[in-house]
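The opening residue of the sequence shown carries number 1 in UniProt numbering; numbering runs sequentially from there. Don't be surprised by glycine CBs; every beta carbon is placed ideally from N, CA and C. All of these numbers come straight from a predicted model, not from anything done at the bench. Have a look at the structure below before the remarks.
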Amino acid sequence: MTITERARKKAEKLDRLGELSAARDEERGVSLWQEAFRRLRRNPAAIVGTVVLGLFLLVAIVGPFFVPYAPTDTIGIREGLVKSGQGIIPGPSGDHWFGFDHQGRDEFSRLVVGARQTLLVGVVSTLIGLAIGALVGGVAGAAAGLGGRWGRWIDTALMRVVDMMLALPSLLLAVSIAALLGASLTTVMIAVGVVSVPVFARLLRGSMIAQANSDYVLAATSLGVRRSKIAIGHVLPNSLAPVIVQATLTLATAIIEAAALSFLGLGNPDTAIPEWGVMLADAQPYLGIRPALAIYPAVAIIITALGFTLLGEAMREALDPKLRK
Numbered sequence: 001m002t003i004t005e006r007a008r009k010k011a012e013k014l015d016r017l018g019e020l021s022a023a024r025d026e027e028r029g030v031s032l033w034q035e036a037f038r039r040l041r042r043n044p045a046a047i048v049g050t051v052v053l054g055l056f057l058l059v060a061i062v063g064p065f066f067v068p069y070a071p072t073d074t075i076g077i078r079e080g081l082v083k084s085g086q087g088i089i090p091g092p093s094g095d096h097w098f099g100f101d102h103q104g105r106d107e108f109s110r111l112v113v114g115a116r117q118t119l120l121v122g123v124v125s126t127l128i129g130l131a132i133g134a135l136v137g138g139v140a141g142a143a144a145g146l147g148g149r150w151g152r153w154i155d156t157a158l159m160r161v162v163d164m165m166l167a168l169p170s171l172l173l174a175v176s177i178a179a180l181l182g183a184s185l186t187t188v189m190i191a192v193g194v195v196s197v198p199v200f201a202r203l204l205r206g207s208m209i210a211q212a213n214s215d216y217v218l219a220a221t222s223l224g225v226r227r228s229k230i231a232i233g234h235v236l237p238n239s240l241a242p243v244i245v246q247a248t249l250t251l252a253t254a255i256i257e258a259a260a261l262s263f264l265g266l267g268n269p270d271t272a273i274p275e276w277g278v279m280l281a282d283a284q285p286y287l288g289i290r291p292a293l294a295i296y297p298a299v300a301i302i303i304t305a306l307g308f309t310l311l312g313e314a315m316r317e318a319l320d321p322k323l324r325k
């Protein structure tokens, strides 16, 4: 399969998801969000995802204020417990639950503080992708659905740019952007955010085009309401459901991709600041001595990404009539 065919199939899938998610279930006389919340409360995956994310947010926001040691304190070396050059890195103990890292720093404290950095990168990068993608997708969707011939030209031009971005593997595109901008935490946020732009743009465009064919749009048009007002005041708000669901799923992807960039040395160059991807990279030379130094941050990344994925998939099923059971 060529890159062009892969990009076309990915774009068609995103368009179809946007159209399906834009549908409304009005049989019971309740709003879409009320029905979705009712379904989420009965979905075990949504409950597990919510619990995992609740714990992650609690650790990331509150945890750093209660860690037993400063994440940069080399207490293990100062007390003569850690001698990484001689292959001595003590494991868990009563005072140090996860032991020390290779520089004698408390591993548990660094893991807790690193959760905040991971949350920051995931949220900011997702917001960057959501903002730019919503702008591009909103303009393209409004132009295609309500803009006439000129609008279709605008939509075509914007979507060809989006298709070119979709044709590139997301991680490769993120690595390329990070390499061009230089290693920093801001670079990671921008790189991961740009990668998610075409996904948000395609979803919102497809959803808005589906909404543009609704009866209420036809009625508003026949009453003489301006098309710009219809697009911004009615079509756009009713098209945001799939985008919100995708934002939840993108958070999981953003955390993994940010950790990958940090692991490759494209993240924050100051390794004293704990971040799960950086902790993974620092643990590589000591896998033979203390493999747990890599296991702890890896498990944390996996569980956090799983929580976002479970909740996002549950929201997608609850909001998509074609996927409801």
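- Contact between I75 and G104 holds: CB atoms are separated by about 6 Å, below the 8 Å threshold.
- In this model, E313 and A183 are separated by some 33 Å (Cα to Cα).
- Burial state of F65 is exposed, judged by a 10 Å Cβ sphere holding fewer than 16 other Cβ atoms.
- DSSP places F66 outside both helix and strand once states are collapsed to three, so it counts as coil.
- With a 10 Å radius around the Cβ and a threshold of 16 neighbouring Cβ atoms, M189 comes out buried.
- The three-state secondary structure of I302, taken from DSSP, is helix.
- With a beta-carbon spacing of about 7 Å, L261 and V175 fall inside the 8 Å limit used to define contacts.
- Judged by their CB atoms, G193 and G129 are nearer to each other than the 8 Å cut-off.
- Out of A46, F100, F37, the CA that lies nearest to the CA of P68 is found in F100.
- Taking each of V197, I154, G151, R149 in turn and checking the Cα distance to L168, the smallest one comes out for V197.
- Setting aside the 5 residues that flank it on each side, N43 is surrounded in the same chain by A314, each with a C-beta closer than 6 Å to its C-beta; the list follows chain order.
- Rounded to whole angstroms, the separation of the alpha carbons of R226 and V217 is 11 Å.
- Bounds of the alpha helix (DSSP H) holding V243 are 241 to 263.
- Following the DSSP letters along the chain, one finds I177 inside the alpha helix (DSSP H) bounded by residues 170 to 181.
- The criterion of a C-beta distance shorter than 8 Å is not satisfied by L311 and A294.
- In the DSSP assignment, F100 forms a beta bridge with D106.
- In this structure L111 touches Y296 by the C-beta definition: roughly 6 Å separates them, less than 8 Å.
- Along the stretch 270 to 319, the alpha helix (DSSP H) occurs as fully enclosed runs of 4 or more residues at 276 to 283, 292 to 319, listed in sequence order.
- Using a 10 angstroms sphere on the CB of E317, the tally of other CB atoms reaches 16 or more, which defines it as buried.
- Distance between F56 and A115, taken at the CA atoms: about 8 Å.
- Check the Cα spacing between W276 and each of P285, L264, A60, A298: the tightest is with A298.
- Here D215 is exposed, its C-beta having fewer than 16 other C-beta atoms within 10 Å.
- For G224 and R41, the gap between their C-alpha atoms comes out near 42 Å.
- Here E35 is buried: its Cβ has 16 or more other Cβ atoms, across all protein chains shown, within 10 Å.
- Around the C-beta of E107, 16 or more other C-beta atoms lie within 10 Å, and the residue is accordingly described as buried.
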